[in-house]
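Chains L and V, in that order, give the protein sequences. First residue of the first sequence? That's 44 in our numbering, and the numbers climb one at a time after it. First residue of the second sequence? That's 402 in our numbering, and the numbers climb one at a time after it. First comes the structure, then the notes that go with it.
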Amino acid sequence: MDCDPGPEPARSKLQGLIVRGYTHPHSTHMLFRFPGRAAAAAFVKALLPRLQSGADWGAAKPALMLNIGLTFAGVKIATALGSDLNRFPMVFQKGPTSKWSQQTLYDLGDSAPENWWAKNFAPGELHCIVHAYALDETAEKEIVAFIADAATSAGVEELFGTADKSRFTQAQFKDDLIQFGYRDGISNPSLQWPTSGKPFDAGTLDNFVLGYPACTPFSPGPAGDNAAARFAKDGCYNAFRVISQDVAGFETFLDEAAKGVVTTLGMPAAEAREWIAAKIMGRWRNGSPLVLSPDAPDDATRDVKAFVYADDKAGLRCPISAHIRVSNPRDQSVFPANFPAPRLIRRGMPYGPPGLEPGADRGLIGLFLCGALDRQFETVYAWMNQNTFSDVFSPKFNTQDAVVGARARVGVDTQFVAQTAKGEIRCTMPQFLTTRGTAYCLMPSIASIEAIAEQRV
Amino acid sequence: MANPLSMYVPIKQDKDSQKAATDAAKDFVKNVEDGLNASGIVHYAKLVLIPNADGDGTQALFLSTVFDESMREYLRFFWEQPGINIAIQGIAAVAATAPDPPITDLDSFQSFIESVDLEADLYQAYPDTVKQIKAKKS
Chain L
44 MDCDPGPEPA RSKLQGLIVR GYTHPHSTHM LFRFPGRAAA AAFVKALLPR
94 LQSGADWGAA KPALMLNIGL TFAGVKIATA LGSDLNRFPM VFQKGPTSKW
144 SQQTLYDLGD SAPENWWAKN FAPGELHCIV HAYALDETAE KEIVAFIADA
194 ATSAGVEELF GTADKSRFTQ AQFKDDLIQF GYRDGISNPS LQWPTSGKPF
244 DAGTLDNFVL GYPACTPFSP GPAGDNAAAR FAKDGCYNAF RVISQDVAGF
294 ETFLDEAAKG VVTTLGMPAA EAREWIAAKI MGRWRNGSPL VLSPDAPDDA
344 TRDVKAFVYA DDKAGLRCPI SAHIRVSNPR DQSVFPANFP APRLIRRGMP
394 YGPPGLEPGA DRGLIGLFLC GALDRQFETV YAWMNQNTFS DVFSPKFNTQ
444 DAVVGARARV GVDTQFVAQT AKGEIRCTMP QFLTTRGTAY CLMPSIASIE
494 AIAEQRV
Chain V
402 MANPLSMYVP IKQDKDSQKA ATDAAKDFVK NVEDGLNASG IVHYAKLVLI
452 PNADGDGTQA LFLSTVFDES MREYLRFFWE QPGINIAIQG IAAVAATAPD
502 PPITDLDSFQ SFIESVDLEA DLYQAYPDTV KQIKAKKS
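Here it is in structure tokens:
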């Protein structure tokens, strides 16, 4: 890497969610609509005492805290950036419902944008998301009441994106499990500061925090010397995406798919279920990656982040369309037009009741942080919806991510193939996921949030 | 499933702009073919001079392409291809309404393209992508 990234920003300038994966077991994600600039300022000002930066908190872990994101409509109302607003990337200006974004997200059928947020409000009405974190249930109630009171006092309207008009609240699962029964959040970008002379790393902090574009090909924007770029500096984008998961359908799929595994590989049915569950994810449910633990989950590999696919080019261990291999291809080659493969900071958590009983909504509250919504988040989504980015998918080029792909998309092959020494295991992948809503937010710097509060920007 | 890009750009009527538009259309394929080939997603691309109603001179440039996947995923690559970058900037330079913001970086390059893209319904006779077609022929 022959470039100078410049000085690393002090983490106290950044919102904490960007640079650290909170381990607070309780969180609630609250949606708001601003009636005007003064109300937005009053609301944000009231939240400042609990706004958490990325500064090291040492041994004094906050019992309750919050972070703030603004949609483009929210930035437009809360600031006086005027004509400089058009310096923001189009993907942020137009939001996830736009034609161009939907060319990557493919939210079809029940997932379509017209169905988002339980139809309680139009996506364009969403201006602000406040992410509240707490160490226990009592603290969670306190921080949620603090935020709700701030909104009421400022005249800011809280919006509810669920059919029963409840808030998006983190479900309590042990061991970082998600609704499908896998451990999640094992691998995230390093977020180190880039070093001149070292190879490019898509996981360094300059790829995610705005204002340090010298060494990143993803061009986080807005760039240049203008009011929008100054406002956005030290911020980060967040693709907030609530995804309902059909857990009963997933378990039924495993039952059915396991029959083929039993026939071909001669495994007991229970073992075959877990084998296929691992093959579609690329990790066993305990977290062990298949390239390191191909035959069974292993406690010794359950937390391993550093592994490559160099010795598994054909996908005999980890199938080439397994979720973790598509969403993060690591050392696998990608075409020059797709290079380099982007990374995302994932800060999601499960919501809804555990279990299989029908009628309850359950899934993932996804927070996908990036410096360029299109060149990082939407690119990964495009790759999941159609596997085209590497010659390992030749000649088909129309398979999908085994877990996430939009199956109703025209022209795709919904068959998942796991190669084994005894032959191929093939299964047709159902649609496990339904998008409940998506918002593209800017998580401004601490200074820019303070400027909004004082109407200085 | 392929997607269309239909850039419609009314152009300035002065002599230099009119000549630049004519030259851009004449050299279009020569300028962009290396980058489009390398992208592996573009089925075809054409740059059309739309004549003025009275038949004298050019009213607008119309750049029409059909491509696989999502354009946004590839705009960074196109921005980095000299021939494509010059072709798009050439169109912007003669636009009757100058790009706002001016094209100085990838985001403004993208903003210009998206701002002049018309809605279009696309008929497709075959489902194959460029990569699939090339793989079958190789």
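Ideal Cβ positions, reconstructed from N, Cα and C, are used throughout, including at glycine.
Asked	Found
Amino acids of chain V, ordered along the chain, whose beta-carbon sits closer than 7 angstroms to that of L:G454	M402 and P528
Contacts that L:V134 makes with chain V (C-beta to C-beta distance below 7 angstroms)	R473
Residues from the segment 478 to 509 of chain V in contact with chain L, defined by Cβ distance under 7 angstroms	F478, D501, P502, T505, D506, L507 and D508
Minimum C-alpha distance to V:V517 - residue among V:A403, V:V410 and V:M402	V:V410
Start-end ranges of the beta strand (DSSP E) lying completely within the segment 338 to 402 of chain L, minimum 3 residues	392 to 394
Beta carbon of L:P332 nearer than 8 angstroms to that of L:G198	no
L:G64 versus L:P139, L:A98 and L:P156, residue with shortest Cα-Cα distance	L:A98
Residue environment, L:V453, which counts as buried when at least 16 other CB atoms sit within 10 Å	exposed
Interface partners of V:K447 on chain L, CB under 9 angstroms	Near V:K447 there are no residues of chain L at all, since even the closest Cβ is about 21 angstroms away, more than 9 angstroms.
Secondary structure of L:C484, DSSP reduced to three states	strand
Of the residues L:R405, L:P393 and L:R386, the one placed nearest L:T259, counting alpha carbons only	L:R386
Pair within 8 angstroms by beta-carbon distance, L:R389 and L:G267	no
Minimum C-alpha distance to L:Q443 - residue among L:D456, L:D434, L:V435 and L:S433	L:D456
Local conformation of L:P242 per DSSP, three classes	coil
Under 7 angstroms from the C-beta of V:S440: neighbouring residues of chain L	A380
Alpha carbon of L:C413 to alpha carbon of L:F420, nearest angstrom	7 angstroms
Best match in L:M133, L:R316, L:Q222 and L:K119 for proximity to L:A403 [C-alpha to C-alpha]	L:Q222
Sufficient close CB pairs (3 or more, under 8 angstroms) joining the segment 127 to 138 of chain L to the segment 100 to 109 of chain L	no
Listed by chain order, chain V residues near L:D277 by CB distance under 9 angstroms	Those do not exist, as L:D277 stays about 18 angstroms from chain V at its closest Cβ, beyond 9 angstroms.
CB contact check: L:R266 to chain V, cutoff 8 angstroms	The sequence as given places Ala at residue 266 of chain L; Arg does not occur at that position. So yes, L:A266 belongs to the interface.
Backbone secondary structure at L:Q95 - three-state DSSP	coil
Contacts that V:E470 makes with chain L (C-beta to C-beta distance below 7 angstroms)	A425, Q429 and T431
Assigned exposure category for L:V351 - 16 Cβ within 10 Å defines buried	exposed
Per-residue burial, L:G152 [other beta carbons within 10 Å of its own, 16 or more giving buried]	exposed
Reference L:C279, options L:E497, L:P237 and L:I111, closest by Cα	L:I111
CB of V:D469 within 8 angstroms of CB of V:I489, strictly	no
Nearest-angstrom Cα separation, counted from L:A272 out to L:V87	21 angstroms
V:A446 to L:A449 span [Cα, whole Å]	28 angstroms
Partner residues on chain L for V:K537, Cβ-Cβ distance less than 7 angstroms	P438
Cβ-based burial, V:E474 [other Cβ within 10 Å; buried from 16]	buried
Given L:S488 as reference, the closest of L:A206, L:V118, L:S433 and L:P438 once Cα atoms are compared	L:V118
Contacts that V:S465 makes with chain L (C-beta to C-beta distance below 7 angstroms)	The contacting residues do not exist; V:S465 stays about 16 angstroms from chain L at best.
Buried versus exposed call for L:S144 [16 or more other C-beta atoms within 10 Å across all chains shown]	buried
Among L:P156, L:N129 and L:L359, nearest to V:F510 - alpha-carbon criterion	L:N129
Cutoff 8 angstroms: L:N110 Cβ touching any chain V Cβ	no
Where V:Q465 sits in the DSSP three-state scheme	A small correction: the amino acid at residue 465 of chain V is Ser; Gln does not occupy that position in the sequence shown. DSSP places V:S465 in strand when its eight states are reduced to three.
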